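Structure first, commentary second.
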Amino acid sequence: MAERSFKAEVEHLRKGTGDTFTGEGILAITKALLENGVGYVGGYQGAPISHLMDVLADAEDLLGELGIRFEANASEAAAAAMLAASVHYPIRGAVTFKGSVGVNVASDALANLASSGVNGGALVIVGEDYGEGSSIMQERSYAFAMKSQFWLLDPRPNLTSIVKSVGDGFALSEASNSPVMLMVRIRSCHVTGRFETRDNVPPPLSVRDALSSPMRDFKRVVLPPMSYAHEHDKIDNRWPAAEKFILENRLNERFGPEEGKVGIVCLGGIYNSVIRALQRLGLADISGNTSIPLHVLNVTYPLVKSELLEFCAGKEAVLMVEEGQPEFIEQQLGAMLYKEGRTTKLEGKGIFPRAGEYTGQIMLDGLDAFVRQYAPELLPGKVLAPNTPKPELPDLTKTVPIRPPGFCTGCPERPIFASLKMVEQEVGQHQITGDIGCHLFACLPPFEIGGSTMGYGLGPASNAAFDGGGERRAISIIGDGGFWHNGLSTSIGNMVFNKSDSVAIIVDNYYSAATGGQDIPSSRAKNKTKSTNNPITKALQGAGVKWIRQIDRTYDVTRMRETIREALTTEYDGPKVIVASSECMLNRQRREKPLRNKAIAGGERVEVPRFGVDQDVCTGDHACIRLSGCPSLSLKKLDDPLRDDPVAHIDQSCVGCGNCGEVADAAILCPSFFEAKVVHNPTGFEAWYAGLRTKIISWLQTRRAGARLTFTGEGA
Amino acid sequence: MSLSLPLDARPADPALEGIIKLAILAVGGQGGGVLTNWIESLARSQGYHCQATSVAGVAQRTGATIYYMEMAPGDVDAPVFSLAPSAGDVDIIIAAEMMEAGRAIIRGFVTPDRTTLIASSHRMLAVSEKTVPGDGMASSEEVKAAAELAAQKLVLADMDTAALKVGSVISASLFGALAGSGALPFEREAFEEAIRAGGKGVEASLRAFAAGYDLAKNGEEPKAEAVKPAHQEIVRPAGPDMAQKAWASLEAKVAALPEPVREMARAGLRKVVDFQDTDYGAEYLSRLEGLVSRDSAEKDYELSREAAKYIANAMAYDDVIRVADLKTRPQRFNRIETEMKVKDGKLLHLTDYLHPRAEEIVGLLPEKMGRKMESDPAWMKRIDRWFNRGRRIRTDSLRGFAMLYFLGGLRGWRRRTLRHRMEQEHLESWLKMVSGYLPDRYAMAVEVLKCRRLIKGYSDTHARGLSKFDKVLAGARLVESRDDGPEWVARLREAALKDEKGTDLDGALKTVESFV
């Protein structure tokens with residue numbers, strides 16, 4: 238079960254012609270797929286398109302009714318490979334994953350797909366989270382479109398445009414026999430808005446029916462000599478067909494006056510930012526009517542030369558607004574203008590910074606500089622001479638601490654890294670590699686474990702140079718998501734085959750947790766459409782791993798630490814794999830809390846654990862926090878003139894996982910921690926016995942208090 | 005040719021003023037998404053165009069997150085909204101935590117010409133603030149001062165507590181504060197309707213909404229000062245007559261101390277008497293008086309005040325007896341029951357996490373015997389085998405309670421223990437060093453006193469604290485005759501409090517060694 242349920246929203250996907258849909262971009266895309274007769278969908282989760290996978294999974298009933306096949310693919314490569322169905326069959330297919338890393342993983346399949354070409358519309362919906370909120374390195378999928386020659390759509394970020402681009406994408410793909418990539422940015426995925434819906438359309442040929450009459454087109458096989466022919470086909474037929482389609486259907490848009498001495502070319506995805514900057518400069522109204530000609534590239538690849546040259550004709554200068562680097566479009570546009578012998582000055586990088594997101598301020602500054610230089614007469618007086626000086630504010634950059642993401646309260650991964658840190662404190666630092674997933678947060682304080690991440694499922698593989706072993710064995714971390722995505726073969730298979738004398742720790746939290754709690758083969762949940770409960774240890778055995786340790790409760794810090802110690806010191810010189818399993822607390826709480834509350838309300842006996850710190854026993858050294866970082870384990874300043882430093886304190890958000898107590902015990906930190914288990918609806922006997930105990934304890938306490946001085950407050 | 009084109013500069017579209025731009029800065033898990041949904045459905049219900057977006061993804065795992073929305077009156081034709089806030093161009097900022105308000109100010113989202121800043125003053129400490137061995141908490145006061153300058157209108161109150169008090173969460177109280185701030189052109193009823201339309205936990209949310217609304221309208225009530233009598237001597241401790249009498253004479257001695265020293269001395273006295281008994285309190289005062297007699301009003305008795313604090317802390321060290329005593333007190337049981345809301349027939353199971361080592365056990369033995377065992381690795385190993393393991397003690401059970409009760413009752417035995425002897429020796433040598441600087445090197449004496457702050461924690465942490473203390477004191481000896489000696493000691497101490505491993509301290513010591 239995914240972290241967020243779209244069950245309620247999925248009902249909106251049934252809307253038909255004449256209705257209006259109100260909601261999030263992700264849902265709009267799903268609705269558009271249904272309206273366009275898609276035959277099969279798939280993908281692999283990852284921000285920002287995780288929710289698209291969740292929506293599809295929650296919409297499986299509806300998809301079934303329409304005869305659409307949904308596959309939760311094992312990886313982006315598997316997803317891209319699924320589009321093979323559209324190579325020979327006239328069936329529309331769509332898959333989704335995140336860019337640019339997902340595109341990297343998928344690139345093998347994408348290259349083959351692009352070489353073959355397609356008969357049915359093939360759409361890759363890629364979430365490209367450039368800039369703020371991006372969890373990946375800043376690269377552009379654009380390069381892949383160029384090298385493999387599939388087409389790239391980057392629609393304006395409003396629901397109507399995004400929905401339209403889905404239909405356009407399928408049609409363009411079919412018209413040009415090429416796969417099409419639809420790029421949505423992180424904020425477009427989550428943007429809310431409205432659009433007019435149409436009826437859903439079942440696929441004219443379903444994948445199920447297609448199996449009854451298999452099709453095969455020899456021309457599309459990627460082997461010489463056909464693959465040589467594919468290159469010519471791309472240049473001679475597919476590309477011109479695409480350009481023709483783009484022009485005829487006006488996929489790119491023009492705004493503002495027909496002519497002008499300057500113009501702006503921007504990508505569809507950043508249209509709104511451009512308009513906002515123009516609005517602030519007094520060059521556009523609230524509805525986006527601009528006084529500077531604006532050419533919006535909803536198709537960013539291929540660029541239609543005739544269209545762009547026509548736009549530039551007669552203009553003294555044109556500004557290309559393109560985030561990221563290399564500035565692929567600007568370079569192409571420059572070449573077009575130069576080859577045509579045009580004198581229009583091309584501006585872009587230079588006025589804009591070469592690296593980094595074009596934030597509101599950067600966009601404003603960039604457009605302001607451009608207009609000031611080439612058409613200052615357009616700027617209203619107010620903008621030309623701003624008369625409000627910027628307010629002087631105290632500098633808070635040294636005060637406000639950074640707040641990177643980290644492990645959630647009660648996260649089962651915390652005790653794994655606490656154990657590892659303790660082992661390192663005993664025996665020294667080790668070579669440690671990380672992987673992709675929540676466990677990567679371990680490289681941040683307070684754990685500061687591992688650093689390199691070469692890719693999803695590649696943690697152990699990225700320690701391969703150290704496979705030969707040495708005085709201190711190398712350690713690698715990999716999650717259950719990464720394990721099934723790529724890790725089993727690329728990392729574990731590699732270790733086994735090369736007789737790796739190193740240690741891999743598989744962090745098994747029952748989900749693909751970082752991407753939103755999607756199920757994977759080793760998930761413990763029952764999933765009616767997917768096969769779960771496939772133990773990781775069995776897969777390891779099958780792959781040939783001999784030294785396997787399964788830990789079923791990561792919170793057992795003492796055992797966790799001993800197991801890591803054993804793996805590092807055992808005589809055995811082959812690969813050593815520890816599977817550390819406990820359920821993702823975020824998902825567990827989401828699952829258990831409502832049930833628990835219901836049980837309590839229903840009068841059932843329920844124990845609810847929470848931890849606490851005795852403030853008089855705590856000396857305020859914060860050693861516990863340096864082995865935890867739990868959000869619920871915080872600090873509190875005591876109203877005591879004798880105390881200099883704040884003491885540890887556990888707030889009501891504690892879920893009672895026990896990590897802090899276990900760590901305090903295993904690392905022998907202090908006796909301050911206690912577990913307070915509140916028993917709701919105790920049994921009659923239990924209540925009677927507890928009453929008796931309380932009486933005796935109170936008597937003892939009163940007896941002692943009578944023999945000594947007692948001050949108000951606890952420990953004075 | 006393009007120069008002659010008839011393009012007129014036009015003034016900014018007045019309709020643009022109608023766009024309301026609102027950003028929510030929160031910490032992942034605070035319910036920023038819920039708040040966004042409420043505001044959005046509110047705007048739509050009032051016939052407004054509205055667009056919201058967020059940067060979700062991994063950032064929602066306890067990191068700083070941002071939600072952004074824009075709205076405009078419904079009569080505007082297809083407005084184009086931005087998907088991200090721009091510096092200097094935000095009308096309303098809702099910050100769900102104090103430092104997030106600071107972050108909004110840093111990012112330029114709060115400007116005096118337009119921004120209403122609605123912020124919760126409570127703190128969720130960042131990891132970097134919590135891991136510092138000393139006090140690493142960021143200053144809310146600085147953020148508050150900046151917010152007062154930066155915002156056109158400021159609503160600042162503890163919205164978290166306000167919501168928790170009525171059994172809800174901060175998103176609801178912030179929504180109420182947004183209504184109360186008057187920053188949106190909608191009636192209170194429309195806000196409440198949006199909560200009802202959401203359909204989840206409606207009643208609790210409405211209560212928190214009302215609390216937030218009132219805070220925005222009327223501000224926070226000034227914090228009621230904890231009912232604390234100005235003169236603590238009036239609050240007599242409870243206890244047997246003999247002890248009461250002894251306490252009265254100690255009180256009289258405190259009253260005879262110079263005025264600036266009294267408050268700290270009284271707190272210190274309470275602590276050591278609570279730790280042991282009135283005789284121990286008398287020892288404390290005699291140690292203190294020894295330093296007070298060499299102090300003066302000119303120096304405002306700084307040395308004496310620091311001595312009152314740190315001698316008490318040193319005398320009330322944390323041994324097994326102390327921990328067991330604290331863990332079995334009725335006040336502790338009451339505090340936990342209140343904190344965990346154990347009432348209405350609910351029961352409490354209380355498990356203490358203890359892990360004694362050989363050192364703690366040997367520390368309980370008589371000095372002579374303890375020293376012998378301590379120096380015999382075979383014995384230490386044996387004792388470790390017997391005792392050194394994690395113990396989960398059910399302090400609410402008779403057996404568990406009895407054990408801790410017995411240990412806590414060993415106070416009479418304490419003065420004979422090895423640990424007590426060791427603590428006394430350490431204390432004496434430290435105080436000897438302090439008095440050695442008097443009267444000429446007064447500031448050095450004060451700084452060396454303050455170094456006691458470095459000793460805290462248990463087992464390894466305690467040992468590390470001791471070694472830092474020793475290092476700083478060794479550093480102090482190097483600079484004791486320099487004019488800037490005291491400053492250097494302060495610097496060394498601060499460095500020692502900054503990081504766990506003592507890297508900063510070692511660096512600072514190197515610097516000291518380089519010039520002496």
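Respectively, the protein sequence lines represent chains A and B. Here the first sequence stands for residues 238 to 953, numbered as in our numbering. Here the second sequence stands for residues 5 to 520, numbered as in our numbering. Backbone N, C-alpha and C define an ideal beta-carbon position, used for all residues, glycine too. All values reported here derive from a predicted model rather than from experimental measurement.
Buried or exposed: where does residue i fall if 16 or more other Cβ atoms within 10 Å of its Cβ makes it buried?
i                : result
Met246 (chain B) : exposed
Pro441 (chain A) : exposed
Ala499 (chain B) : buried
Ala322 (chain A) : buried
Ile715 (chain A) : buried
Leu11 (chain B)  : Any reading at Leu11 (chain B) needs caution, since the residue's pLDDT is 40, under 50, leaving its predicted position unreliable; the model's value is listed next. Under this definition Leu11 (chain B) is a buried residue.
Trp388 (chain A) : buried
Met732 (chain A) : buried
Val664 (chain A) : exposed
Gly840 (chain A) : exposed
Gly506 (chain B) : buried
Arg513 (chain A) : buried
Asn395 (chain A) : buried
Give the C-beta separation of residue i and residue j to the nearest angstrom, bearing in mind that I take them to be a contact with Cβ-Cβ under 8 Å.
i                : j                : result
Pro919 (chain A) : Leu351 (chain B) : 5 Å
Gly694 (chain A) : Ser739 (chain A) : Incorrect: roughly 16 Å between the Cβ atoms, too far for contact.
Leu226 (chain A) : Leu153 (chain B) : The first residue shown for chain A is 238 and the last is 953, placing residue 226 (chain A) beyond what the model contains.
Cys675 (chain A) : Arg65 (chain B)  : 7 Å
Pro883 (chain A) : Met141 (chain B) : 6 Å
His53 (chain B)  : Ala27 (chain B)  : Between Ala27 (chain B) and His53 (chain B) the Cβ distance is about 18 Å, and since that is not below 8 Å, they are no contact.
Lys456 (chain A) : Gly497 (chain A) : 47 Å between Cβ atoms; not a contact.
Ile529 (chain A) : Leu615 (chain A) : 7 Å
Ile263 (chain A) : Leu289 (chain A) : 5 Å
His359 (chain B) : Ile905 (chain A) : 5 Å
What residue range does the beta strand (DSSP E) around residue i cover?
i                : result
Arg431 (chain A) : 429-433
Leu26 (chain B)  : 24-31
Trp388 (chain A) : 388-390
Trp417 (chain B) : Run containing Trp417 (chain B): none in the beta strand (DSSP E); it sits in the alpha helix (DSSP H), 415-418.
Pro831 (chain A) : Careful: Pro831 (chain A) lies outside any beta strand (DSSP E), inside the alpha helix (DSSP H) at 822-838.
Tell me, please, which residues DSSP counts as bridged to residue i.
i                : result
Cys503 (chain A) : A:Val533, A:Val558
His53 (chain B)  : B:Ala76
Arg306 (chain A) : A:Tyr277
Val159 (chain B) : B:Ile122
Leu583 (chain A) : A:Val555
Leu351 (chain B) : A:Val916
Ala741 (chain A) : A:Ser713, A:Val814
Lys542 (chain A) : Lys542 (chain A) pairs with nothing; no bridge assigned.
Val332 (chain A) : A:Gly279, A:Val361
Gly260 (chain A) : A:Gly430
Could you tell me which of the options sits nearest to residue i, measuring between CA atoms?
i                : options                                : result
Arg403 (chain B) : B:Gly461, B:Thr332, B:Glu491           : B:Thr332
Lys914 (chain A) : A:Lys873, A:Pro908, A:Phe848, A:Asp704 : A:Phe848
Pro683 (chain A) : A:Leu570, A:Val511, A:Pro868           : A:Pro868
Ser871 (chain A) : B:Met128, B:Leu513, B:Gln335, B:Val450 : B:Met128
Asn764 (chain A) : A:Ala309, A:Ala901, A:Asp405, A:Lys835 : A:Ala309
Ala198 (chain B) : B:Gly186, B:Ala176, B:Ala187           : B:Ala176
By the DSSP assignment, the alpha helix (DSSP H) with residue i in it spans what residues?
i                : result
Gly898 (chain A) : 896-903
His467 (chain A) : 463-470
Please decide whether residue i counts as near chain D, where near means a Cβ-Cβ distance under 8 Å.
i                : result
Val555 (chain A) : Absence of chain D from the displayed structure is noted, the protein chains being A and B.
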